[in-house]
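Only one structure is covered here, and it is reproduced in the block below.
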Amino acid sequence: DWELSELDDRARELDAAHVFHSWSAQAGLKPLVIAGGSGCRVWDHSGASWLDFSSQLVNTNIGHQHPSVISAIHEQADLLATVAPATANLARGEAARRIVERAPSRHNKVFFTNGGADANENAIRMARLHTGRDKILSTYRSYHGNTGAAIVSTGDWRRIPNEFARGHVHFFGPYLYRSEFWATSPEQESERALRHLERVIQSEGPTTIAAILLETIPGTAGVLIPPPGYLAGVRELADRYGILVITDEVMCGFGRSGRWFAFEGYDLVPDLITFAKGVNSGYVPAGGVIISDEIAADFDENVFPGGLTYSGHPLAMAAICGALDAMAAEGIVENARRIGAEAIAPGLTELADKHTAIGEVRGEGVFWAIELVADRETREPLPAAGMARVKTDLLARGLLPFVQDNRIHVVPPCIVTDDEVAEAMAAYDGALSLVD
Ligand code: PLP
4 DWELSELDDR ARELDAAHVF HSWSAQAGLK PLVIAGGSGC RVWDHSGASW
54 LDFSSQLVNT NIGHQHPSVI SAIHEQADLL ATVAPATANL ARGEAARRIV
104 ERAPSRHNKV FFTNGGADAN ENAIRMARLH TGRDKILSTY RSYHGNTGAA
154 IVSTGDWRRI PNEFARGHVH FFGPYLYRSE FWATSPEQES ERALRHLERV
204 IQSEGPTTIA AILLETIPGT AGVLIPPPGY LAGVRELADR YGILVITDEV
254 MCGFGRSGRW FAFEGYDLVP DLITFAKGVN SGYVPAGGVI ISDEIAADFD
304 ENVFPGGLTY SGHPLAMAAI CGALDAMAAE GIVENARRIG AEAIAPGLTE
354 LADKHTAIGE VRGEGVFWAI ELVADRETRE PLPAAGMARV KTDLLARGLL
404 PFVQDNRIHV VPPCIVTDDE VAEAMAAYDG ALSLVD
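Dropping the structure here:
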């Protein structure tokens with residue numbers, strides 16, 4: 004018998020009293036109440052709604068409440084809601100088959116995890132066991148998850164209070180707009196970033212390095228599209244020094260880049276591929292490692308020293324089957340590619356022409372960043388107060404944004420329509436006029 008607006012108050016009250024939030028000081032948090040959603044929209048109990056251009060944490064690639072995924076979960080819940088990982092289960096096998104069918108041909112096995120962090124954790128473990136080496140190289144501009152080795156592989160500030168795992172070394176990847184290498188062209192950035200990586204490998208001692216772990220397109224760090232030749236160059240260096248390549252496709256995989264896997268757009272075949280988020284749009288938590296035949300063979304006779312109670316959880320697996328089938332049947336990945344090229348790219352270019360607060364726009368598919376600056380010449384990032392103004396204004400205009408540092412990440416679900424992109428561009432246009 005609650006009034007609808009009282010439900011929103013109640014949600015806020017319970018949240019403030021009992022819910023401990025991620026990555027935050029707990030006092031004074033004012034989270035948005037989200038009670039429901041459909042497609043690219045979410046709403047609270049009282050009827051306020053927002054166009055979701057965040058995909059939550061860049062994971063609802065198929066949009067909210069896709070009926071095929073919901074019914075796949077229902078059907079599996081009626082049949083068997085949970086089962087131990089050591090069993091054989093049809094939903095798990097079907098999910099694994101669908102994933103490896105999208106992967107390179109010499110990758111035929113999947114180790115399922117609960118999410119992206121533990122996917123990276125286990126990929127790192129496999130790389131260390133396979134090579135007999137210890138060190139993991141990863142970039143400063145990265146996020147790999149919030150567990151032992153994954154958080155220490157992460158480059159951003161979240162690593163520093165958690166730096167208890169050993170064997171991690173960081174390097175700078177390419178980022179032409181804020182080049183660490185004084186580069187002035189993508190080709191130069193690529194060449195110099197590779198030279199830097201090779202020097203790090205040589206200086207660390209190549210025979211101590213198990214793997215280079217990198218997001219194919221660094222996501223949280225700013226949607227940093229790799230320049231021509233970079234990823235092919237990383238593969239070449241890895242091969243030259245006997246090092247494995249792990250691509251973290253947790254955020255950029257399963258449609259986000261406009262391809263099933265982001266690495267398909269670059270000349271690189273990884274040894275291990277980690278995924279989560281878009282594989283089933285987070286309807287039930289799931290992630291995993293896609294393992295090359297060569298690495299999988301290590302564990303034909305030797306025990307793999309790792310496991311999880313919920314590895315291959317049937318509800319998560321059913322959600323993967325439902326999501327991947329619907330994405331294929333409805334051309335959802337193709338939609339992401341088309342809309343990126345035909346609607347988001349021109350829309351953002353037009354905004355960049357108009358707003359002096361925009362330093363750069365970059366991206367592909369439904370994976371874009373608008374980098375905001377206080378000064379276009381110096382490229383000084385727009386300060387936090389300006390970003391907060393933009394965020395508040397976007398919410399008031401009915402758009403749920405993804406704001407990270409001095410950037411707005413334009414990351415709608417892969418099902419987004421031309422009309423929804425136009426609506427979002429109008430909201431960004433209005434909000435950006437506050438900070439020009
Ligand atoms: N890797 C990347 C590239 C991510 O973006 C994330 C999450 O944002 C993770 C790993 C961690 O995934 P999870 O939060 O599911 O553990």
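Position in the sequence shown counted from 1, then plus 3, gives you UniProt numbering.
Think of the CB as a built atom: it goes at the ideal place given N, C-alpha and C, for glycine as much as any other residue.
Any non-hydrogen atom of the ligand PLP within 8 Å of Glu218 CB: In the sequence shown, residue 218 corresponds to position 215, counting from 1. Yes, Cβ of Glu218 sits closer than 8 Å to a heavy atom of the ligand PLP.
Just tell me which of Gly281, Gly258 and Thr359 has its CA closest to the CA of Arg341. Within the sequence shown, the letter at position 338 stands for residue 341. Among Gly281, Gly258 and Thr359, the Cα nearest to that of Arg341 is on Gly258.
Since Arg181 and Arg382 should fall inside the 8 Å C-beta cutoff, what is the C-beta to C-beta distance between them, to a whole number of angstroms? Numbered from its first residue, the sequence shown carries residue 181 at position 178. Numbered from its first residue, the sequence shown carries residue 382 at position 379. Yes, Arg181 and Arg382 are in contact; Cβ-Cβ is about 7 Å, under 8 Å.
Assuming Thr142 contacts Gly119 (C-beta within less than 8 Å), just tell me the rounded distance between them. Here residue 142 is taken as the residue at index 139 of the sequence shown, counted from 1. Here residue 119 is taken as the residue at index 116 of the sequence shown, counted from 1. Not a contact, Cβ separation roughly 16 Å.
Quick check on DSSP: helix, strand or coil for Ile65? In the sequence shown, counting from the first residue as 1, residue 65 sits at position 62. Residue state, collapsed to three classes: coil.
In whole angstroms, what separates the C-alpha of Asp11 from that of Trp46? Here residue 11 is taken as the residue at index 8 of the sequence shown, counted from 1. Here residue 46 is taken as the residue at index 43 of the sequence shown, counted from 1. Spanning the two alpha carbons is a distance of roughly 11 Å.
Ordered along the chain, which non-local residues of its own chain (more than five positions away) have a Cβ less than 6 Å from that of Arg392? Position 389 of the sequence shown, counting from 1, holds the residue named residue 392. Taken in chain order, the residues that qualify are Leu437.
What is the rounded straight-line gap between the Cα of Ile323 and the Cα of Val282? Counted from its first residue, the sequence shown places residue 323 at position 320. Counted from its first residue, the sequence shown places residue 282 at position 279. In a straight line, the C-alpha of Ile323 is about 6 Å away from that of Val282.
Taking the Cβ atom as the reference point for each residue, do Ala299 and Ala214 lie within a distance shorter than 9 Å? As a position in the sequence shown, residue 299 is number 296, starting the count at 1. As a position in the sequence shown, residue 214 is number 211, starting the count at 1. Result no, Cβ atoms of Ala299 and Ala214 do not sit closer than 9 Å.
Given 8 Å as the limit, tell me if Asn123 has its C-beta closer than that to any heavy atom belonging to the ligand PLP. Start at 1 with the first residue of the sequence shown, and residue 123 comes out as number 120. Yes, the ligand PLP has a heavy atom inside 8 Å of this Cβ.
Taking 8 Å as the cut-off, is the beta-carbon of Met254 closer than that to any non-hydrogen atom of the ligand PLP? Residue 254 sits at position 251 when you count from the first residue of the sequence shown. Yes, the beta carbon of Met254 sits closer than 8 Å to at least one heavy atom of the ligand PLP.
9 Å Cβ cutoff met for Cys43 and Val336: As a working mapping, residue 43 is identified with position 40 in the sequence shown. As a working mapping, residue 336 is identified with position 333 in the sequence shown. Cβ distance not < 9 Å, so Cys43 and Val336 don't count as in contact.
If Ala98 and Met254 are in contact, beta carbons under 8 Å, what's the gap, nearest whole angstrom? For this step, residue 98 is matched to residue 95 along the sequence shown. For this step, residue 254 is matched to residue 251 along the sequence shown. Not really, about 20 Å apart at Cβ, beyond 8 Å.
From Asn111 to Gly96, what does the alpha carbon distance come to, in whole angstroms? Numbered from its first residue, the sequence shown carries residue 111 at position 108. Numbered from its first residue, the sequence shown carries residue 96 at position 93. So the two alpha carbons sit approximately 12 Å from each other.
Give a single yes or no on whether Pro416 has its beta carbon closer than 8 Å to a heavy atom of the ligand PLP. Locating residue 416 in the sequence shown gives position 413, where the first residue counts as 1. False, no ligand heavy atom lies under 8 Å from that Cβ.
Closer than 8 Å to a non-hydrogen atom of the ligand PLP - does that hold for the CB of Asp251? Taking the sequence shown and counting its residues from 1, one reaches residue 251 at position 248. Yes, the Cβ of Asp251 comes within 8 Å of a heavy atom of the ligand PLP.
For Ile361, the residue or residues it bridges with in DSSP: Within the sequence shown, residue 361 is the residue found at index 358, counting from 1. Answer is Leu375, bridged to Ile361.
For the ligand PLP, is there a heavy atom less than 8 Å away from the beta-carbon of Gly148? Counted from its first residue, the sequence shown places residue 148 at position 145. Yes, the beta carbon of Gly148 sits closer than 8 Å to at least one heavy atom of the ligand PLP.
Please find out if some non-hydrogen atom of the ligand PLP comes closer than 8 Å to the beta-carbon of Ala120. Numbered from 1 along the sequence shown, position 117 holds the residue referred to as residue 120. It does: the Cβ of Ala120 is within 8 Å (strictly closer) of some heavy atom of the ligand PLP.
If you draw a straight line from the alpha carbon of Ala94 to that of Leu375, how long is it in whole angstroms? Numbered from its first residue, the sequence shown carries residue 94 at position 91. Numbered from its first residue, the sequence shown carries residue 375 at position 372. Looking at the two C-alpha atoms, the distance is approximately 45 Å.
Pick helix, strand or coil for Glu166, following the three-state DSSP scheme. Position 163 of the sequence shown, counted from the start, is the residue given in the question as residue 166. Note: Glu166 maps to coil in three-state DSSP.
Starting from the C-beta of Met428, find all residues in its chain whose C-beta is less than 7 Å away, skip the five residues before and the five after it, and write them out in chain order. Stepping through the sequence shown from its first residue, residue 428 is reached at position 425. Correct list, in chain order: Gly350 and Leu354.
By Cβ distance, which residues of its chain are closer than 6 Å to Ser295, with the 5 residues on each side in sequence left out? On the sequence shown, position 292 is the one that residue 295 refers to. Excluding residues within five positions, the ones whose Cβ falls inside 6 Å are Arg109, His110 and Asp274.
Say the cut is 8 Å; is the CB of Leu234 nearer than that to a heavy atom of the ligand PLP? Translated into positions along the sequence shown, residue 234 becomes position 231. For the ligand PLP, not one heavy atom lies less than 8 Å from the Cβ of Leu234.
Exposed or buried, Trp185, counting other C-beta atoms within 10 Å across all chains shown (16 or more means buried)? Reading the sequence shown from its first residue, position 182 is the one you call residue 185. Its Cβ having fewer than 16 others within 10 Å, Trp185 is exposed.
So who's on the other strand from Arg44, going by DSSP bridges? As a first step, residue 44 is located in the sequence shown; it is residue number 41 there, counting from the start. The partner list for Arg44 (beta bridge, DSSP) reads Ser41 and Leu54.
Beta carbon of Thr277: closer than 8 Å to some heavy atom of the ligand PLP? On the sequence shown, position 274 is the one that residue 277 refers to. Checking the Cβ of Thr277 against the ligand PLP gives yes.
Any heavy atom of the ligand PLP closer than 8 Å to the beta-carbon of Ala60? What you label residue 60 is simply residue 57 of the sequence shown in a count that begins at 1. Here the sequence assigns Leu to residue 60, which means Ala is not the residue at that position. Correct: Leu60 has its Cβ closer than 8 Å to the ligand PLP.
Mapping DSSP to helix, strand and coil, what is Leu35? Working through the sequence shown from its first residue, we reach residue 35 at position 32. Here Leu35 sits in coil by DSSP.
Taking the continuous alpha helix (DSSP H) assigned at Ala14, which residues delimit it? Residue mapping note: residue 14 aligns to position 11 of the sequence shown, counting from 1. Unbroken alpha helix (DSSP H) run through Ala14: Leu7 to His21.
Report the rounded CA-to-CA distance for Thr134 versus Ser145, giving the unit in angstroms. Numbered from 1 along the sequence shown, position 131 holds the residue referred to as residue 134. Numbered from 1 along the sequence shown, position 142 holds the residue referred to as residue 145. Whole-angstrom Cα-Cα distance: 24 Å.
Helix or strand or just coil, what does DSSP make of Gly343? Here residue 343 corresponds to residue number 340 of the sequence shown, with the count starting at 1. Correct three-state label for Gly343: helix.
Report the rounded CA-to-CA distance for Ile246 versus Gly40, giving the unit in angstroms. To locate residue 246, count along the sequence shown from 1; it is residue 243. To locate residue 40, count along the sequence shown from 1; it is residue 37. Rounded to whole angstroms, Ile246 to Gly40 spans 44 Å at the Cα level.
Helix, strand or coil for Pro70 per DSSP? For the purposes of this step, residue 70 is taken as the residue at position 67 of the sequence shown. The answer is helix: DSSP assigns Pro70 an H, G or I state.
How far does the beta strand (DSSP E) with Glu218 in it reach, from first residue to last? Here residue 218 corresponds to residue number 215 of the sequence shown, with the count starting at 1. First-last of the beta strand (DSSP E) with Glu218: Ile212 to Glu218.
Close Cβ partners of Gly343 (< 8 Å) along its chain, the five nearest in sequence each way excluded: Along the sequence shown, read from residue 1 onward, the residue named residue 343 stands at position 340. Correct list, in chain order: Gly261, Gly366, Glu367, Gly368, Val369, Phe370 and Trp371.
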